Amino acid sequence: MTQPDVLIVGAGLAGLACARHLDRRGHSFVLLDAADAVGGRVRTDEVDGFLLDRGFQVLLTAYPEAQALLDYDLLGLRSFYDGALVYVGGRLHRVADPIRRPLAAAATLLAPVGTLEDKLRVARLRAALLRGSLTDLFDREETTTLDALRRRWGFSDRMIDRFFRPFFGGIFFDRDLTASSRMFEFVFRMFAEGRAALPAGGMEAIPRQLAAPLPPEAIRLNTRVRHVEPGRVTLDDGTTLEAPAVVVATEAPAAAALLGERAAIRPTAYRSTTCLYFSAETPPVPEGVLILDGEGTGPVNNVSVLTNVAPTYGPVGRALVSAVVLGDPADDDETLERAVRRQLLLWFGPAVQTWAHLRTYRIRYALPEQAPPFLTPPERPVRLGDGLYVCGDHRATASIHGALRSGRHAGEAVALDLAPVPG
697 MTQPDVLIVG AGLAGLACAR HLDRRGHSFV LLDAADAVGG RVRTDEVDGF LLDRGFQVLL
757 TAYPEAQALL DYDLLGLRSF YDGALVYVGG RLHRVADPIR RPLAAAATLL APVGTLEDKL
817 RVARLRAALL RGSLTDLFDR EETTTLDALR RRWGFSDRMI DRFFRPFFGG IFFDRDLTAS
877 SRMFEFVFRM FAEGRAALPA GGMEAIPRQL AAPLPPEAIR LNTRVRHVEP GRVTLDDGTT
937 LEAPAVVVAT EAPAAAALLG ERAAIRPTAY RSTTCLYFSA ETPPVPEGVL ILDGEGTGPV
997 NNVSVLTNVA PTYGPVGRAL VSAVVLGDPA DDDETLERAV RRQLLLWFGP AVQTWAHLRT
1057 YRIRYALPEQ APPFLTPPER PVRLGDGLYV CGDHRATASI HGALRSGRHA GEAVALDLAP
1117 VPG
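Below you can see the structure in the form of structure tokens.
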């Protein structure tokens, strides 16, 4: 095999973004991944005619990096309802975006999710975070999300507990809201500027689209990397591959193991999530809306009927329901399923007992830990020296945007370093 310019370890979103940039610049590369398909943590399984993403995931359409790299029309994106249903006091209450859903404004104002002043503060928060550039947003003082909601934005504990904890806790997999305030404000702005959406073919359609223009022979799957050093990668079978540049584009624990102290990655800091999928004869709600546990009794934090958002997620005549439990519960799958059903019986009634359990996904490493000072600075270097580079969502915002952006930055750095010196 001819020696490539670059070896990329990891075919998740960051590795694919890096490869796309290098391919455009005319650099040869080999993309290595231990899995049987590209995508990393963004994968989808087909089970009994349903599309089951490995963990509940959405694409925020306002992500600048996603807009630059992805063809949204080709993905066939379908959007969630602009708001949520919050379970409080024995029933579901609607909380909607008043800009996009003005007809739901009265229901939102009357919902026992926060005070009237809280609802007005949401409008002020939206206006404030939409001003200026994203760079300006990341220049704000970094604290925890919870501290920012209380001190910076003045929300009541009732609003925080009944809306922000389940909504953003479900995004950060952290109901305590210890994630960086910079991350919260970035994600809030993305919701305000765009929509939360699902591709018609499942979330794995995103990495498949990223990989489609790349040379097929440059992607080596089912290939585990054992060791990385400047100019060389050693595979599990002892084979060595060489290239002037090596990019480690794995999730943080694997990157830490491969790179050691070079990248200063905290290998044990991460957030977990568990997702249970059910098939229902009738959807428990008629809309593609996020349903939140506003009481915090658990174990379920949020529920969605994914076929209400994207009908292609299931066969005709069946509804696909996802139930998200934060963390990795100690209960076995059967015990956890019973606890989930007991909670959802209160929300949706006896029909829950007829739902067929499809699969439970326990995503131990779902996101890197994002507590301050995770985003101070907002991005970490991708160059490690000696021809070694690192990228991934642990180097920027822990998001699809962050992974794509970090991958692009790594590709740009490699291309610049490999460019011939004039002269």
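Just so you know, we're using this note's numbering here: the sequence shown kicks off at 697 and counts up by one.
Quick reminder that beta carbons are idealized off the backbone N, C-alpha and C, glycines included.
Small disclaimer: the values here were computed from a predicted structure and weren't measured.
Own chain residues within Cβ distance below 8 Å of residue i, not counting five before or after
i, result
"Ala1111", "His717, Leu718, Arg721 and His723"
"Gly1119", "The predicted model places Gly1119 with a pLDDT of 42, which falls under 50 and marks its position as unreliable, so this point remains unresolved."
"Arg871", "Arg861, Pro862, Gly865, Gly992, Asn997 and Leu1022"
"Gly1121", "Outside the modelled stretch of the chain, which goes from 697 to 1119, sits residue 1121, for which no answer is possible."
"Phe869", "Arg967, Ser968, Thr969, Leu1022, Gly1023, Ala1062 and Leu1063"
"Leu1080", "Leu955, Arg958, Ala959 and Val1086"
"Phe746", "Tyr973, Ser975, Tyr1009, Gly1010, Pro1011, Arg1014, Leu1016 and Leu1054"
"Glu1075", "Arg1091, Ala1092, Arg1101, Ser1102 and His1105"
"Thr811", "Ser852, Arg854 and Met855"
"Gly897", "Thr740, Leu747, Leu771, Gly772, Arg904 and Thr1008"
Beta strand (DSSP E) segment containing residue i, residue limits
i, result
"Arg922", "Val921 to Glu925"
"Pro903", "Pro903 -> not in any beta strand (DSSP E); alpha helix (DSSP H) instead, spanning Ala901 to Ala907."
"Pro1064", "Ala1052 to Pro1064"
"Thr930", "Arg928 to Leu931"
"Phe725", "Phe725 to Leu728"
"Thr970", "Tyr966 to Ala976"
"Phe752", "Premise fails: Phe752 is in no beta strand (DSSP E) and is neither H nor E."
"Thr935", "That residue, Thr935, is in no beta strand (DSSP E); it is neither H nor E in DSSP."
"Val738", "Where Val738 is concerned, there is no enclosing beta strand (DSSP E), given that its DSSP letter is neither H nor E."
"Ile856", "Run containing Ile856: none; DSSP gives neither H nor E here."
"Leu703", "Val702 to Val705"
"Ala941", "Ala941 to Val944"
"Ala892", "Ala892 to Leu894"
"Asp989", "Leu986 to Asp989"
Top-ranked residue by Cα proximity to residue i, from the options
i, options, result
"Gly1023", "Leu937, His1105, Pro1064 and Trp849", "Pro1064"
"Arg861", "Thr841, Arg847 and Pro1069", "Thr841"
"Glu837", "Phe859, Leu805, Ser876 and Ala819", "Ser876"
"Ile867", "Glu742, Val1020 and Leu906", "Val1020"
"Ala901", "Leu712, Val929 and Ile987", "Leu712"
"Pro909", "Pro700, Thr698, Gln699 and Cys714", "Cys714"
"Gly984", "Leu1100, Asn1004, Ala893 and Gly994", "Asn1004"
"Arg774", "Val738, Pro1007, Ala1099 and Pro794", "Pro1007"
"Arg1035", "Pro1068, Pro1074, Val1001 and Gly994", "The amino acid at residue 1035 is misidentified as Arg; the sequence shows Ala. The shortest C-alpha separation from Ala1035 is found at Gly994."
"Phe725", "Pro700, Ala764, Gly735 and Leu709", "Pro700"
"Asp793", "Phe752, Ala823, Thr930 and Ala764", "Ala823"
"Pro760", "Leu830, Ala733, Leu821 and Leu826", "Leu830"
Residue interval of the alpha helix (DSSP H) (run including residue i)
i, result
"Leu1022", "Taken as a continuous stretch (DSSP letters only), Leu1022 belongs to no alpha helix (DSSP H), being part of the beta strand (DSSP E) at Ala1015 to Leu1022."
"Asn1004", "Leu1002 to Val1005"
"Pro760", "Pro760 to Leu765"
"Ser877", "Ser877 to Glu889"
"Leu955", "Ala948 to Leu955"
"Ala1026", "Careful: Ala1026 lies outside any alpha helix (DSSP H) and carries neither H nor E."
"Phe864", "Arg861 to Phe868"
"Thr804", "Ala801 to Leu806"
"Arg716", "Leu709 to Arg720"
Beta-carbon contacts of residue i that lie in its chain and below 7 Å, excluding the five residues immediately before and after
i, result
"Thr978", "Ala1015 and Ala1047"
"Arg817", "Trp849, Gly850 and Phe851"
"Arg797", "Asp778 and Gly779"
"Leu748", "Thr740, Asp741, Tyr973, Leu1054 and Arg1055"
"Val1117", "Note on Val1117: pLDDT 45, under 50, position unreliable in the model; the coordinate value appears next. The answer is none, since no qualifying residue turns up."
"Arg1038", "none"
"Val1078", "Tyr1085, Val1086, Cys1087, Arg1091, Ser1102, His1105, Ala1106 and Ala1109"
"Asp767", "Gln905"
"Ala1115", "none"
"Arg1060", "Ser968 and Asp1024"
"Val743", "Leu1054 and Arg1055"
"Val791", "Gly779, Ala780, Val782, Thr804, Ala807, Val809 and Phe859"
"Pro1069", "Glu838"
"Phe1044", "Pro980"
"Lys815", "Thr804 and Leu805"
"Gly828", "none"
Proximal residues to residue i (C-beta, below 6 Å), its chain only, five neighbours per side dropped
i, result
"Ala948", "Ile961, Pro1064 and His1090"
"Val999", "Ile987 and Ala1019"
"Thr874", "Thr840 and Ala1067"
"Thr698", "none"
"Gly735", "Glu900 and Pro903"
Check: residue i C-beta below 7 Å from any heavy atom of the ligand MG
i, result
"Thr919", "Because no ligand of any kind appears in the structure shown, any question about the ligand MG cannot be addressed here."
- Task: Check whether the stretch 1044-1058 touches the stretch 969-983, counting contact only when three or more Cβ pairs, one atom from each stretch, lie closer than 8 Å.
- Result: Yes, the stretch 1044-1058 touches the stretch 969-983.
- Message: For the stretch 723-735 against the stretch 900-919, do three or more pairs of beta-carbon atoms, one drawn from each stretch, fall closer than 8 Å, so that the two count as touching?
- Response: Taking 8 Å as the limit for Cβ pairs, the verdict is that the stretch 900-919 does touch the stretch 723-735.
- Query: Where in the stretch 1070-1115 do unbroken runs of the beta strand (DSSP E), each at least 3 residues long, occur, reported from the N-terminal end onward?
  - Reply: Runs of the beta strand (DSSP E) lying entirely within the stretch 1070-1115, each at least 3 residues long, are 1079-1081 and 1084-1086 in chain order.
- Task: Inspect the CB distances between the stretch 1088-1104 and the stretch 743-763 and report whether three or more fall short of 8 Å.
- Result: Per the Cβ contact rule, the stretch 1088-1104 is in contact with the stretch 743-763 (3 or more Cβ pairs under 8 Å).
- Message: Could you check whether the stretch 873-892 touches the stretch 699-709, counting it as contact only if at least three pairs of C-beta atoms, one from each stretch, sit closer than 8 Å?
- Response: Taking one beta carbon from each stretch, the stretch 873-892 and the stretch 699-709 have fewer than 3 pairs nearer than 8 Å; the two do not touch.
- Task: Please specify which runs of the alpha helix (DSSP H), each continuous and at least 4 residues long, are wholly inside the stretch 817-845, giving them in chain order.
- Result: Here the runs fully enclosed are 830-834.
- Query: Do the stretch 937-948 and the stretch 918-927 meet, that is, are 3 or more Cβ pairs less than 8 Å apart?
  - Reply: Verdict: yes, contact present.
- Query: Which ranges would you report for the alpha helix (DSSP H) in the stretch 766-790 if only whole runs of at least 4 residues count?
  - Reply: As far as the stretch 766-790 is concerned, its whole alpha helix (DSSP H) runs of at least 4 residues are 768-771.
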